[in-house]
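Residue numbers (our numbering), protein chains in the order written: chain A, 365 to 845; chain B, 25 to 273. Glycine included, each C-beta is placed from N, C-alpha and C at the ideal position. Report on the structure given below.
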Amino acid sequence: MDENEKILDDITRQEYKYGFVTDIETDTIPKGLNEEIIRMISAKKGEPAWMTENRVKAYRQWLTMSMPHWAHLDIPEIDYQDIIYYAAPRTTPKYNSMDEVDPELKATFDKLGIPLEEQMALSGVAVDAVMDSVSVKTTFKETLAEMGIIFCSMSEAIRDYPDLVRKYLGSVVPYTDNFFAALNAAVFSDGSFCYVPKGVRCPMELSTYFRINAAGTGQFERTLIVADEGAYVSYLEGCTAPRRDENQLHAAVVEIVVMKDAEVKYSTVQNWYPGDKEGKGGIYNFVTKRGICRGENARLSWTQVETGSAITWKYPSCILAGDNSVGEFYSVALTNNFQQADTGTKMIHLGRNTRSRIVSKGISAGQSQNSYRGLVKVSKKAVGARNYSQCDSLLIGDKCGAHTFPYVESDNRSAVIEHEATTSKISDDQLMYCNQRGIATEEAVGLIVNGYAREVLNKLPMEFAIEAQKLLAISLEGSVG
Amino acid sequence: MLEVKNLHCTVEGKEILRGINLSVRTGEVHAIMGPNGSGKSTFASVLAGNQKYEVTEGEVSFDGMDLLGMSIEDRARAGLFLGFQYPVEIPGVSMANFMKLAVNEQRKYRGLEPLSAGDFLRLMREKSAIVELDSKLTSRAVNEGFSGGEKKKNEIFQMAMLDPKLAILDETDSGLDIDALRIVATGVTKLHRPDNATVVITHYQRLLDYIVPDYVHVLYKGRIIYTGDKSLALKLEEQGYDWLINQYQ
Chain A
365 MDENEKILDD ITRQEYKYGF VTDIETDTIP KGLNEEIIRM ISAKKGEPAW MTENRVKAYR
425 QWLTMSMPHW AHLDIPEIDY QDIIYYAAPR TTPKYNSMDE VDPELKATFD KLGIPLEEQM
485 ALSGVAVDAV MDSVSVKTTF KETLAEMGII FCSMSEAIRD YPDLVRKYLG SVVPYTDNFF
545 AALNAAVFSD GSFCYVPKGV RCPMELSTYF RINAAGTGQF ERTLIVADEG AYVSYLEGCT
605 APRRDENQLH AAVVEIVVMK DAEVKYSTVQ NWYPGDKEGK GGIYNFVTKR GICRGENARL
665 SWTQVETGSA ITWKYPSCIL AGDNSVGEFY SVALTNNFQQ ADTGTKMIHL GRNTRSRIVS
725 KGISAGQSQN SYRGLVKVSK KAVGARNYSQ CDSLLIGDKC GAHTFPYVES DNRSAVIEHE
785 ATTSKISDDQ LMYCNQRGIA TEEAVGLIVN GYAREVLNKL PMEFAIEAQK LLAISLEGSV
845 G
Chain B
25 MLEVKNLHCT VEGKEILRGI NLSVRTGEVH AIMGPNGSGK STFASVLAGN QKYEVTEGEV
85 SFDGMDLLGM SIEDRARAGL FLGFQYPVEI PGVSMANFMK LAVNEQRKYR GLEPLSAGDF
145 LRLMREKSAI VELDSKLTSR AVNEGFSGGE KKKNEIFQMA MLDPKLAILD ETDSGLDIDA
205 LRIVATGVTK LHRPDNATVV ITHYQRLLDY IVPDYVHVLY KGRIIYTGDK SLALKLEEQG
265 YDWLINQYQ
């Protein structure tokens, strides 16, 4: 191993820095999954009967389904009876002021770099924080309410806005959609709900912070965002989890409804615990994210920076139903050590003159496997549909894998679909050039990787882009051989 | 400033440098010439620390330090600059970001505080004027889509930013049109001071019209076989290397 390789190797082996556990009293239910458990979750949350029935229906559907195995992933057998499906910090999760928040909990979010007060005061970001299963804090609620914007936990939404929830929940990702979506519909414990009324432009970034803390639990959150006609909202989610030797399951569902002339930007910085450098532990991240552009000129944009999780299975998608609607997917997926990622998007063109754009940047290091999987589908009626896809892979070292699985199904002759793909490596010449300017290999790799991902990072809101940049560099520490 | 003694190196088992001796004092300009394949670029790379080459014998002291014992980045931070013959592209990384990191790494090494954003931008503006580098280029990615001339100007711009004690310019004149050559060469001349030194590797006398060398060395088969003053370059331009090689053999 020469000097550069050694440094690369060291860089890519850095430890996960969010691996701490918060010592906080947790209210959990017994392990396992059956109708009784589902009714118990629903009862714990004080849900109305219709919600309980929805859950039971989803559970029965789930029983008839099996795990999908088509992804380029090696997923160990998961024992669904060995998971705790509900865990909540015991402190009553309702706060009117910061003084009421459990100090341990506050410390946790401080450690994660999201001090709630500071966020409130300085950045103008409204934050909903979900610890284990329950939403612990939603900031800025009052400010938003003045504009008619609803931003609250899913539990509160079910209680306070049942009509909106019943109208839209499951309308984009029905419980019949797939194995994990059915599981989520049955057991989801909380999540965020956002409704932006007609013509309202949400003046601040909305953000949800997800944290798995309790051991042996799964996290199943459910997010629903509705942007009514002419509305605009930019939404960001971040995720971390403690280091544990066992694998933990995260099966979330995000649904987005974008009406005529509305726009939603959804950004994710996913940094679930990826497992250690031998591949032990880590989160199984099996997530269904989908949005629909229902009306004309609707716009939906997904941006994701994926650096965490042992296994990622996730395809944020756009159904472009409204004429002239636009779907975008910008992704940086970084895998290191023994991580596996199979991620991409689906762009379903239904309306006339619909446009979609896919920019996927994969970075594989260590012995990881990183796949892009994307579907561009153009229906008969989608006259004048256009898609542009760009899938780039960057390899660091020679033990990792990068794969691209683009699927194109076009039933319309007028469609224009473009696909570009590149694969590259960080060259010795690039490292030499940086070194000669006084930049050590470790920094040089971070610099080159960030440059490679620039186009996607630029799509993130400023403060998160900086966070994501650091995360990319850190996640690579210890990577090439 | 630079003292090279009996330097030998190999690449993939093949000996390229076979005992180079060279002494460069502050305030001097040295030119290294020689036929293709004589080891000129290898010599520059070895001084910079490129690990493709294995040093098998010899010593190099730079500013009193054991150069061969230093990492590539420490050599750079200590004030050794290499102007690359083929500058590489780093997509997505802006010149400004790249230089900011480079300048601040050097400052850190020397125990100085990082430059403020304002001071840095001022420095960039001032230094890019030396090589008439379009200020738009500094907001573009490192060397990406730069023309041959722009890349070479960009090397000298970086040299100006880092203000090295010793600059080694590897065929900085190759691929330049007449105007670009003048700009690059006068840029180098402007940067030359009594307290620094420059080593230029070139095939052509025309560069030396601008950068007037104190010594001209001829490298052949991994050794310096002849050293003269600036008139040697003119003679080589007229007569080629054969007379020297014959004399050497």
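Min CB distance residue i to chain A below 7 Å
| i | result |
| --- | --- |
| residue 125(B) | yes |
| residue 157(B) | no |
| residue 129(B) | yes |
| residue 97(B) | yes |
| residue 199(B) | no |
| residue 101(B) | yes |
| residue 114(B) | yes |
| residue 106(B) | yes |
| residue 74(B) | yes |
| residue 79(B) | no |
| residue 117(B) | yes |
Status (buried if at least 16 other CB within 10 Å, exposed otherwise) for residue i
| i | result |
| --- | --- |
| residue 185(B) | buried |
| residue 706(A) | buried |
| residue 169(B) | exposed |
| residue 217(B) | exposed |
| residue 202(B) | exposed |
| residue 456(A) | Because the pLDDT of residue 456(A) is 43, which lies under 50, any placement of that residue in the model is unreliable, and the number read from its coordinates should be weighed accordingly. Classification of residue 456(A): exposed, given that the 10 Å Cβ count is below 16. |
| residue 789(A) | exposed |
| residue 712(A) | buried |
| residue 428(A) | exposed |
| residue 533(A) | buried |
| residue 141(B) | exposed |
Below-7 Å beta-carbon distance, residue i vs any chain B residue
| i | result |
| --- | --- |
| residue 799(A) | yes |
| residue 796(A) | yes |
| residue 803(A) | yes |
| residue 486(A) | With a pLDDT of 37 at residue 486(A), under the threshold of 50, the modelled position of that residue is not reliable, and the figure given next carries that caveat. So, not an interface residue. |
| residue 762(A) | no |
| residue 815(A) | yes |
| residue 818(A) | yes |
| residue 911(A) | The structure shown does not extend to residue 911(A), since chain A is modelled only from 365 through 845, so no value can be given for it. |
| residue 625(A) | no |
| residue 833(A) | no |
| residue 480(A) | Reliability fails at residue 480(A), whose pLDDT of 49 lies under 50, so the model's placement of it is uncertain and the value that follows must be treated cautiously. No, residue 480(A) does not count as interfacial toward chain B. |
| residue 793(A) | yes |
Range covered by the beta strand (DSSP E) that runs through residue i
| i | result |
| --- | --- |
| residue 221(B) | 221-225 |
| residue 81(B) | 78-86 |
| residue 618(A) | 617-622 |
| residue 556(A) | 556-560 |
Host alpha helix (DSSP H) of residue i (start-end)
| i | result |
| --- | --- |
| residue 168(B) | Run containing residue 168(B): none; DSSP gives neither H nor E here. |
| residue 815(A) | 805-821 |
| residue 518(A) | 518-524 |
| residue 125(B) | 119-133 |
| residue 551(A) | 543-551 |
| residue 425(A) | 413-427 |
| residue 652(A) | Counting along the chain, residue 652(A) falls outside any alpha helix (DSSP H), though it belongs to the beta strand (DSSP E) covering 646-657. |
| residue 729(A) | Segment: none, residue 729(A) is in no alpha helix (DSSP H) and carries neither H nor E. |
| residue 507(A) | 505-510 |
| residue 263(B) | 254-263 |
| residue 101(B) | 96-101 |
Residue i, DSSP secondary structure in three states
| i | result |
| --- | --- |
| residue 798(A) | helix |
| residue 668(A) | strand |
| residue 581(A) | strand |
| residue 75(B) | coil |
| residue 271(B) | helix |
| residue 238(B) | coil |
| residue 527(A) | helix |
| residue 70(B) | helix |
| residue 487(A) | Residue placement at residue 487(A) is flagged as unreliable, the pLDDT there being 39, under the threshold of 50; the coordinate-derived value follows with that caveat. Helix, per DSSP. |
| residue 601(A) | strand |
| residue 31(B) | strand |
| residue 25(B) | coil |
Any non-hydrogen atom of the ligand MG within 6 Å of residue i CB
| i | result |
| --- | --- |
| residue 819(A) | In the structure shown, the ligand MG is absent, as is every other ligand, since no ligand is present at all. |
Taking the runs of the beta strand (DSSP E) that are 3 residues or longer, which of them lie wholly in the segment 734-792 of chain A? 750-759, 765-774, 780-789
Quick check on the DSSP output: what are the complete beta strand (DSSP E) runs of length 3 or more inside the segment 34-65 of chain B, in order along the chain? 38-48, 53-57
Beta strand (DSSP E) segments (min. 3 residues) lying fully within the segment 676-727 of chain A: 681-684, 690-699, 704-713
Taking only runs that begin and end inside the segment 143-224 of chain B, name each unbroken beta strand (DSSP E) of 3 or more residues, in chain order. 190-194
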